[in-house]
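Just so you know, we're using this note's numbering here: the sequence shown kicks off at 115 and counts up by one.
By construction, the Cβ of each residue, glycine as well, lies at the ideal position given by its N, Cα and C atoms.
Accompanying notes for the structure given below.
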Amino acid sequence: MIRFKSFKRGLVLSATLLCFGLLATATQAQTPAEFQAVVDKAHAKYLPLQEGANADYIPILTETPSDLFGVVIVTREGKVYSAGDVDYVFSIQSVSKPFTAALVMTQQGTEAVRDKIGVEPTGMAFNSKMALELYDARSVNPLVNAGAIAAVSLVQAKSEEERWNLVMQNISDFAGRPLTVLEKVYDSEYTTAFGNRAIANNLYNYGRLYSDPEEALRVYTRQCSIGVNAKDLAVMGATLANLGLNPLTNKRVMPAKDVPELLAIMATAGFYDESGDWMYDAGLPAKTGVGGGIVAVVPQRFAIATFSARLNEAGNSIRGLRAIRDIAGELGVGVYGPNPE
Ligand code: DON
């Protein structure tokens with residue numbers, strides 16, 4: 115009996131030690147020097163890479179200097195590690211989409227996003243009109259253009275001005291500073307937005323748009339034209355890593371309980387028809403934009419953001435996605451566990 119008791123005590127002790135060991139490994143923090151080293155290494159490795167091309171379907175985006183490249187990590191404690199062109203201001207484009215979905219969640223709960231927009235990845239291009247015809251949900255998910263226009267239309271507001279102010283204030287709150295619209299980008303995109311106008315009208319026709327279609331298109335296009343730098347994107351991601359509390363301003367921007375659902379959509383649809391490849395390689399929820407920005411979130415730890423305007427066929431920044439993939443692999447922070455070398 116005595117022997118059995120001490121055996122049991124031994125088991126409990128070993129199990130406790132094992133748990134502490136696992137916990138210590140799971141929460142093992144990188145040192146500032148390690149963070150800075152991986153950022154510097156990824157920046158140096160991909161700086162010479164010339165593959166890809168600026169987006170040109172929004173004419174002004176061809177003018178973004180293609181050689182610029184910035185990589186930045188912001189932790190949930192607000193520590194910043196950066197290399198390269200992290201202060202250059204470019205248009206946020208689709209990186210804005212999860213943050214307006216967050217606003218809809220904050221106003222109306224996560225089920226409103228599922229019921230009124232959808233949460234399935236399309237496996238198709240971000241501007242696909244075919245996806246609207248194939249899926250009963252029509253808008254499909256808030257990270258493709260259709261779902262993002264629907265999300266803007268869902269924001270509860272009494273006027274276009276109020277809708278815009280809510281969208282803009284929310285994205286500024288995520289970034290931790292007042293942002294402004296790049297008016298030339300807005301003009302360039304709005305005057306050529308024939309595809310998105312067709313999507314907005316189609317959604318309205320199907321009863322899946324919740325405001326006047328042209329109003330939703332204008333506010334969506336302005337949202338995509340907001341100027342940010344790579345550091346802003348990393349702070350926005352770090353706010354998600356910090357469960358909705360901005361680490362720089364300490365302002366609560368969305369409810370902590372809704373963050374997992376938002377990250378789930380970013381994991382399954384953040385890279386559009388490349389989302390499977392992306393999760394296979396990097397294992398991190400993320401969002402890209404045709405302005406050249408990407409933000410990836412290591413839940414409850416930190417965010418990695420990049421800026422480089424040259425894109426691949428899916429509209430994702432080539433240097434950016436490779437840099438983040440490398441950093442995630444080196445730090446072993448993919449959400450499904452470390453990548454053994
Ligand atoms: O609506 C559009 O086409 C652009 N404002 C945003 C698309 C975008 O950023 C796709 N992302 N990689």
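Query: Using the C-alpha atoms, what's the distance from K155 back to D440?; Result: 9 angstroms
Query: State yes or no: is the C-beta of L175 within less than 9 angstroms of the C-beta of A215?; Result: no
Query: Rounded to the nearest angstrom, what separates V295 and A419 at their Cα positions?; Result: 20 angstroms
Query: Measure the alpha-carbon distance for N356 versus V349 and round it to whole angstroms.; Result: 10 angstroms
Query: G451: buried (16+ other C-beta within 10 angstroms of its C-beta) or exposed?; Result: exposed
Query: S180: beta carbon under 8 angstroms from a heavy atom of ligand 2?; Result: Questions concerning ligand 2 fall outside what the structure shown contains, since the ligands it does hold are ligand 1.
Query: Mind checking whether M368 and L217 have CB atoms under 9 angstroms apart?; Result: yes
Query: Under DSSP, the beta strand (DSSP E) around F421 begins and ends at which residues?; Result: 416-421
Query: Under 9 angstroms between the Cβ atoms of S205 and G341?; Result: yes
Query: Does the contact criterion of 3 or more C-beta pairs under 8 angstroms hold for the segment 258-276 versus the segment 183-190?; Result: no
Query: Just to confirm, does A307 get its C-beta within under 8 angstroms of one of the non-hydrogen atoms of ligand 1?; Result: yes
Query: With a cut-off of 8 angstroms on the beta carbons, I'd call D287 and K365 a contact; round off their distance for me.; Result: 6 angstroms
Query: Within 10 angstroms of its Cβ, does N310 collect 16 or more other Cβ (buried), or is it exposed?; Result: buried
Query: Would you mind reading off the limits of the alpha helix (DSSP H) that contains I379?; Result: 373-383
Query: Mind the definition here: the segment 421-428 touches the segment 260-269 only if three or more C-beta pairs lie below 8 angstroms; say whether that holds.; Result: no
Query: Since V209 and G407 are thought to touch, with beta carbons under 8 angstroms apart, how far apart are those beta carbons, to the nearest angstrom?; Result: 5 angstroms
Query: In chain order, what are the residues with a CB under 5 angstroms from some non-hydrogen atom of ligand 1?; Result: Q207, S208, F240, N259, C338, T402, G403, V404, G429
Query: Hey, how far is the Cα of D471 from the Cα of G397?; Result: Nothing about residue 471 can be reported from this structure: the residues present for the chain run from 115 to 455 only.
Query: Using a Cβ-Cβ cutoff of less than 7 angstroms, which residues in the same chain neighbour R190 once the five nearest sequence positions on both sides are dropped?; Result: A352, A355, N356, P361, Q414, R415, F416
Query: Would the beta-carbon of Y195 fall within 9 angstroms of that of A437?; Result: no
Query: Label A251 either buried or exposed according to how many other C-beta atoms from any shown protein chain fall within 10 Å of its C-beta, with 16 as the threshold for buried.; Result: buried
Query: Is R291 buried or exposed, if buried means 16 or more other CB atoms sit within 10 Å of its CB?; Result: exposed
Query: Use the C-beta contact count for V447: other C-beta atoms within 10 angstroms, 16 or more gives buried, fewer gives exposed.; Result: buried
Query: Return the bridge partner residues of S205 from the DSSP annotation.; Result: G341
Query: With distances taken Cα to Cα, identify the nearest neighbour of N343 among T236, Q207, T335.; Result: Q207
Query: Considering only the beta carbon of each residue, do K243 and A264 sit closer than 9 angstroms?; Result: no
Query: For E328 and P146, I'd like the C-alpha separation in whole angstroms.; Result: 48 angstroms
Query: Flag this pair as yes or no: are the beta carbons of E375 and M238 separated by less than 9 angstroms?; Result: no
Query: Thinking C-alpha only, which one of Y386, Y394, L317 is nearest E234?; Result: Y386
Query: So what does Y195 bridge to, in DSSP terms?; Result: I187
Query: Name the residue from A330, T236, L359 whose alpha carbon lies nearest to the alpha carbon of A383.; Result: T236
Query: Mind pulling the alpha helix (DSSP H) runs of 4 or more residues that sit fully within the segment 278-362?; Result: 297-304, 308-319, 327-338, 344-355
Query: Skipping 5 residues on each side, what residues in its chain have a beta carbon closer than 6 angstroms to that of E444?; Result: V152
Query: Indicate whether V333 and M380 have their beta-carbon atoms separated by less than 9 angstroms.; Result: no
Query: Take W278 and list the residues in its own chain whose beta-carbon comes closer than 7 angstroms to its own, dropping the five residues that flank it on each side.; Result: V333, R336
Query: What number of angstroms, rounded off, separates the C-alpha of I432 from the C-alpha of E165?; Result: 7 angstroms
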